[in-house]
Amino acid sequence: MSAYKSFAVIGVGQVGQYVLQGLVKAKEEGKIDSIVVFTRSAEGNPEATKLGIKSVQVDYSDKDAIAAALKGIDVLVSTVGAFGLGTQPTLAHAAKEAGVKLFIPAEYGAPAIDMGGGKSKLRALLREIGLPFTIFFVGVFMSSFFTARMKVDLPGGAVTIGGKGDNPLTVTTVKDIGLYIAYALTTLSPEKLEGKTILIEGDRVEIKGLIAEYEKRTGKKVEISYKPVEELKTSAAGNPYDFNSLLWLTVEDGQGVIGAPDEVNLYAPSGWNPTKALDYLLNESD
Ligand SMILES: NC(=O)c1ccc[n+]([C@@H]2O[C@H](COP(=O)([O-])OP(=O)(O)OC[C@H]3O[C@@H](n4cnc5c(N)ncnc54)[C@H](OP(=O)(O)O)[C@@H]3O)[C@@H](O)[C@H]2O)c1
């Protein structure tokens, strides 16, 4: 049984689709009563439609309208994409007004990375208005990290490592993240959720070791190049949203992992078997 009965998920996409899947399962099991999805789209959110969940179109600039739509909701899970993070202060005020019991801001990153400072400002706002919240840190999404865009393209045969790349980092799939979050929210007591930080880690990898293992398993060669720390610092100073440089700088500082091994995955469902980075890469490249 869940302490919370009614859930709203805002901005369902990469990670939100799996939060929604997990909540649908919890509803089927009778742990929760209702789920609604908020979207910008008049056509509804496609992931919600796929799962048979009602979507409601909302204007994220209209606090009163959001508050009205949130009446009776216990938990508001924000999974809005990075370009929608600016909507969250209004969402927070509306949620407080509507009597929402728990807010999950769209964090899903690492403690040491605060894109432009917006995430920590939101946490400060939530404390100020007295809206209980839970932070989920997950490291880097595998689907965001192992990409040509991040220049970590093992199947493509080319990786650019920022700094020396000797330290580990946490990487997790969006599926493991979303299902874990839904499980935690529908299983844990408010005391374990309110004001707490929950760490979800699919794998912790050292990039050079992972590349060597990948080469061994596939017989392919991966060319490694390096971007020096000074260049990373210059790039990050010029652009606080330069995720690539920020990430490699945190790895270089030894902060690429989200916590000590005995601090992560404390509330995993029984039999939880998260995807490892190598398996993700081998299946992706098949
Ligand atoms: N750790 C990592 O590596 C990593 C990587 C990416 C993201 N993240 C974090 O995870 C969060 C969720 O990311 P995601 O990739 O799952 O999101 P996403 O798939 O990019 O977007 C989720 C949904 O947000 C809504 N949305 C998009 N732009 C919006 C805007 N400007 N205003 C309002 N709503 C908007 C859309 O839903 P509708 O069209 O239905 O409105 C979209 O389907 C991000 O905010 C970020 O903080 C972390």
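The letter at position 218 of the sequence shown is residue 218 when you use UniProt numbering, and the numbering goes up by one with no holes.
All residues carry an ideal CB built from backbone N, CA and C; glycine is no exception.
Owing to the predicted nature of the structure, the values given are computational and were not obtained by experimental measurement.
Measuring CB to CB, does residue i end up less than 9 Å from residue j?
i, j, result
"Val75", "Lys101", "yes"
"Thr186", "Leu23", "yes"
"Asp203", "Val159", "no"
"Ala8", "Ile35", "yes"
"Val15", "Gly139", "no"
"Thr90", "Lys121", "no"
"Thr134", "Glu194", "yes"
"Val77", "Ile10", "yes"
"Leu249", "Val229", "yes"
In or out: residue i buried (at least 16 other Cβ within 10 Å) or exposed?
i, result
"Ile224", "exposed"
"Gln57", "exposed"
"Lys221", "exposed"
"Ser285", "Its pLDDT being 42, under 50, Ser285 is placed unreliably by the model, and the measurement read from it follows with that caveat. Counting Cβ neighbours within 10 Å, Ser285 comes out exposed, since fewer than 16 surround it."
"Ser61", "exposed"
"Glu252", "buried"
"Ala65", "exposed"
"Asp33", "exposed"
"Asn283", "exposed"
"Phe183", "The residue you asked about is not Phe; residue 183 is Tyr in the sequence shown. Classification for Tyr183: buried."
"Thr39", "buried"
"Tyr241", "exposed"
"Pro105", "buried"
"Ser6", "buried"
"Lys50", "exposed"
When the Cα of residue i is compared with those of the options, which residue comes out closest?
i, options, result
"Pro132", "Ser189, Gly109 and Val174", "Ser189"
"Tyr18", "Asp33, Val37 and Leu247", "Val37"
"Ala98", "Ala67, Ile10 and Thr90", "Ala67"
"Arg217", "Pro274, Leu281, Thr160 and Ala184", "Leu281"
"Phe83", "Ala124, Lys5 and Gly13", "Gly13"
"Pro155", "Asp262, Ala277 and Ala268", "Ala277"
"Leu20", "Tyr4, Gly52 and Gly30", "Gly52"
"Glu206", "Ser235, Asp59, Leu266 and Leu169", "Leu169"
"Gly117", "Phe243, Lys50, Trp272 and Asp59", "Phe243"
"Gly219", "Asp114, Gly157 and Asp153", "Gly157"
Could you give the distance in angstroms between the alpha-carbon of residue i and the alpha-carbon of residue j?
i, j, result
"Phe136", "Lys71", "25 Å"
"Asn239", "Ser245", "9 Å"
"Ser2", "Ile73", "14 Å"
"Gly86", "Val80", "10 Å"
"Thr275", "Met142", "10 Å"
"Leu247", "Leu232", "9 Å"
"Arg123", "Phe103", "10 Å"
"residue 312", "Gly254", "Limits of the chain in this structure are 1 at one end and 286 at the other, which puts residue 312 out of reach."
"Gly30", "Ala237", "50 Å"
"Ala48", "Lys151", "32 Å"
"Lys227", "Glu215", "22 Å"
"Leu266", "Asp279", "23 Å"
"Leu268", "Ala26", "Here the sequence assigns Ala to residue 268, which means Leu is not the residue at that position. Ala268 and Ala26: Cα-Cα distance of roughly 15 Å."
"Asp262", "Trp272", "16 Å"
"Lys96", "Gln88", "12 Å"
"Ser270", "Thr234", "45 Å"
"Tyr4", "Glu28", "15 Å"
"Asp59", "Ala94", "12 Å"
"Asp114", "Ala92", "18 Å"
Next on the checklist: Count Cβ pairs between the segment 186 to 205 and the segment 153 to 167 that sit closer than 8 Å; are there 3 or more?
Outcome noted: No: the two stretches stay apart, fewer than three of their Cβ pairs being nearer than 8 Å.
Next on the checklist: Taking contact to mean 3 or more Cβ pairs, one atom from each stretch, closer than 8 Å, check whether the segment 121 to 136 and the segment 145 to 163 are in contact.
Outcome noted: no
Checklist entry - Taking one C-beta from the segment 110 to 117 and one from the segment 40 to 54 each time, how about it: are there three or more such pairs within less than 8 Å? => result no
Checklist entry - Given 8 Å as the limit, is there contact between the segment 208 to 217 and the segment 175 to 186, that is, 3 or more CB pairs closer than that? => result no
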